[in-house]
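Q:
Chains as they are written, first to last, in full-length UniProt numbering: chain A, 1 to 456; chain B, 1 to 229.
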């Protein structure tokens with residue numbers, strides 16, 4: 001057997017690693033930048049860098065399977081006649097029909113509905129399958145306004161005005177020609193087969209003052225019935241959240257840079273935006289200063305949520321709910337080893353496949369090819385998603401009980417410590433075993449001076 | 001008199017826009033007259049039936065937004081986004097309109113007797129827009145479908161990144177936007193232009209108009225065209 005380069009003593013460059021070299025070679029060969037799906041793949045400070053302290057002498061835990069720990073959440077109570085009441089704080093993020101197959105959208109609706117949570121449309125309008133299978137459906141209002149119409153707007157349970165997403169704050173949607181089937185083209189009023197690049201700015205408003213009037217219009221059209229979310233990609237989150245609230249948002253969605261996409265330039269995904277961990281405390285601070293945190297405007301965090309621990313940590317930092325996208329697709333069957341040979345044939349591998357833009361997904365999820373899409377059984381995939389959502393919820397409950405909380409929302413920054421200085425600074429919780437929060441010079445009055453945020 | 005045809009008057013000096021729109025969404029009449037709009041926003045937004053609404057005065061943003069079947073006449077000027085995302089019906093502005101008039105509208109007819117500011121018809125998706133005066137810069141940006149008629153001049157950047165919409169301009173046109181080109185006026189174009197002008201109640205010689213549309217060079221990304229984006 002041929003020894004590997006490392007076994008032969010060859011040293012790989014940390015600066016020019018294999019992925020970097022492949023990127024340069026691709027650019028040189030094709031003259032185009034790499035477009036792909038998924039979210040940021042680089043390592044950034046994340047929820048893994050936080051730990052819960054749990055209960056001991058000074059905190060009283062709840063019994064694991066006997067004592068109640070609730071998970072429900074009300075979203076949009078600030079202005080809407082009919083706020084959403086979800087059974088679990090784990091929601092499904094916006095993903096378009098077009099980016100995903102009709103079967104995948106249906107499966108997301110089925111899975112979400114089974115566990116009493118919401119799913120969300122995307123940049124391409126609302127499909128009948130999705131509406132039909134989604135008990136609670138959030139309708140995205142995007143710059144492109146593809147498929148936007150007042151009939152579907154009234155069918156929605158909430159409206160999400162999208163300013164950006166974590167994978168590409170400042171960028172518009174993208175759907176390449178191979179996925180613009182006749183149905184997708186018809187819904188978007190575009191010629192079939194073209195490379196579609198959505199606008200990055202809304203066409204009829206240009207700033208937060210205008211947004212306030214836009215939200216007013218949406219409320220007027222829907223008779224003030226529906227919660228209005230505002231979604232931003234995580235960048236200047238503190239200011240964005242304050243402006244979104246000033247514009248009238250009932251719910252603010254903050255999507256960190258690990259949040260996924262169906263198609264975006266790799267350079268955009270990896271180099272624009274901030275990690276979810278850094279964004280949540282900024283959003284919470286903004287809401288606290290407005291007196292609306294946990295008492296008026298809800299915060300949904302997304303971008304890299306994978307486990308119930310991530311859910312619990314996001315909520316402990318101050319989110320009211322989370323949204324998952326990539327993890328939901330994996331639960332449906334994305335990157336399944338079942339299709340390992342086909343991923344290899346596409347030049348990728350199960351667990352690595354991110355070419356969501358090219359429409360040849362063997363799992364039938366990120367495709368418009370009828371034969372591939374037919375591989376996904378929406379009932380089975382929806383059941384898998386429901387299973388996964390239940391696990392996330394139960395895992396979050398497990399942690400909450402261990403911290404003595406009778407509701408996952410009662411988790412707080414005081415329950416957390418950080419493993420790294422970077423995570424401590426971003427999450428604004430102390431480095432484990434210390435009282436040190438880097439960058440935080442405030443001192444509280446009584447007790448140990450941690451200076452950390454609280455949810456009082 | 002039939003109560004369904006007798007016009008109901010709503011005075012916005014004494015009633016909120018919210019009450020007006022709630023009434024228009026569950027109409028008890030087929031005709032309405034709205035007084036004293038005083039620049040209010042979202043006046044007559046979300047109409048979803050064939051009622052007629054006459055607004056006596058100037059309106060703010062998003063008047064007749066998402067109109068679906070209504071016949072709305074604004075006897076005055078309109079702010080940003082008049083008839084945005086209209087689905088069907090007719091919206092007429094007797095004065096001038098601010099920016100983004102008819103933005104993303106899927107259908108229906110928008111007539112502006114005066115002029116429209118920048119981004120008129122931005123991302124239009126099937127609407128017909130007829131402007132008696134001129135339109136500002138970047139009008140028809142990313143226009144996907146529908147027709148826009150400008151009886152005077154069009155500002156710079158007309159039809160930038162346009163898809164399949166057809167633009168007719170009678171007067172001077174500034175620098176065309178990326179991928180927008182002048183195209184020949186054939187008989188079918190003169191015929192549809194005459195129909196649009198007639199629908200709008202405007203009289204012009206169709207031979208004085210020029211047609212603009214997409215060169216379709218940007219439908220597929222090529223890095224050699226990077227300078228066009």
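For glycine and all other residues, C-beta sits at the position ideal for the given N, C-alpha and C. Note that the structure is predicted; figures quoted are calculated from it, not measured.
Among residues of its own chain, excluding the 5 on either side of residue 42/A, which ones have a beta-carbon nearer than 6 Å to its beta-carbon?
A: Cβ neighbours of residue 42/A beyond the five flanking positions: 270.
Q: Which partner residues of residue 35/A appear in the DSSP bridge assignment?
A: 265/A
Q: In the DSSP assignment, the alpha helix (DSSP H) including residue 326/A goes from what residue to what residue?
A: 326-332
Q: Applying a beta-carbon distance threshold of less than 8 Å, which residues of chain B neighbour residue 181/A?
A: Neighbours of residue 181/A on chain B: none; closest Cβ ~16 Å, over 8 Å.
Q: Step through the CB atoms of chain A and report whether any lies within less than 8 Å of the CB of residue 75/B.
A: no
Q: Leaving out the 5 sequence neighbours to the left and right, which residues in its chain are closer than 6 Å to residue 331/A when beta-carbon positions are compared?
A: 384, 385 and 388
Q: Quick one, are the C-beta atoms of residue 62/B and residue 45/B less than 8 Å apart?
A: Yes, Cβ-Cβ distance for residue 62/B and residue 45/B is below 8 Å.
Q: Answer with buried or exposed for residue 448/A, where buried requires no fewer than 16 other C-beta atoms within 10 angstroms of its C-beta.
A: Because the pLDDT of residue 448/A is 41, which lies under 50, any placement of that residue in the model is unreliable, and the number read from its coordinates should be weighed accordingly. Exposed.
Q: Closest Cβ-Cβ distance between residue 216/A and chain B: below 8 Å?
A: yes
Q: Flag this pair as yes or no: are the beta carbons of residue 368/A and residue 184/A separated by less than 8 Å?
A: yes
Q: Are any of the Cβ atoms in chain A nearer than 8 Å to that of residue 166/B?
A: no
Q: What did DSSP end up calling residue 213/A once you bin it into helix, strand or coil?
A: helix
Q: When you compare only the Cα positions, how much space is there between residue 21/B and residue 199/B?
A: For residue 21/B and residue 199/B, the distance between alpha carbons rounds to 27 Å.
Q: Beta-carbon within less than 6 Å of residue 211/B's beta-carbon, same chain only, minus the 5 sequence neighbours each way: which residues are those?
A: Cβ neighbours of residue 211/B beyond the five flanking positions: 168, 183, 185 and 189.
Q: Would you give the residue range spanned by the beta strand (DSSP E) that residue 315/A belongs to?
A: Note, residue 315/A: premise wrong, no beta strand (DSSP E); alpha helix (DSSP H) at 308-316.
Q: Rank 176/B, 152/B and 166/B by C-alpha distance to the C-alpha of residue 160/B and give the top, closest one.
A: 176/B
Q: Just checking: is the beta-carbon of residue 409/A within a distance shorter than 8 Å of some beta-carbon in chain B?
A: no
Q: Measure the CB-CB distance between residue 202/A and residue 150/A and report whether it falls below 8 Å.
A: no
Q: Please say whether residue 117/B and residue 136/B have beta carbons closer to each other than 8 Å?
A: yes
Q: Are the Cβ atoms of residue 230/A and residue 244/A separated by less than 8 Å?
A: yes
Q: Return yes when at least one heavy atom of the ligand SAM lies under 7 Å from the C-beta of residue 164/B, else no.
A: For the structure depicted, the ligand SAM is absent and the ligand set is empty, with no information on it obtainable.
Q: Are residue 30/B and residue 51/B close, meaning C-beta to C-beta below 8 Å?
A: yes
Q: Report yes or no: do three or more beta-carbon pairs, one from the segment 219-236 of chain A and one from the segment 191-206 of chain B, lie closer than 8 Å?
A: no
Q: To which residues of the same chain is residue 267/A closer than 7 Å at the C-beta, ignoring the five residues directly before and after it?
A: 33
Q: Could you check whether the Cβ of residue 220/A sits closer than 8 Å to any Cβ belonging to chain B?
A: Yes, residue 220/A counts as interfacial toward chain B.
Q: Since residue 417/A sits in a beta bridge, which residues does DSSP pair it with?
A: For residue 417/A, the pairing in a beta bridge is given by DSSP as 51/A.
Q: Starting from residue 298/A, trace the beta strand (DSSP E) in both directions and tell me its first and last residue.
A: 298-302
Q: Which residues of chain B have a Cβ atom closer than 7 Å to the Cβ of residue 321/A, listed in chain order?
A: Per Cβ cutoff of 7 Å: no residues; residue 321/A is ~28 Å from chain B at best.
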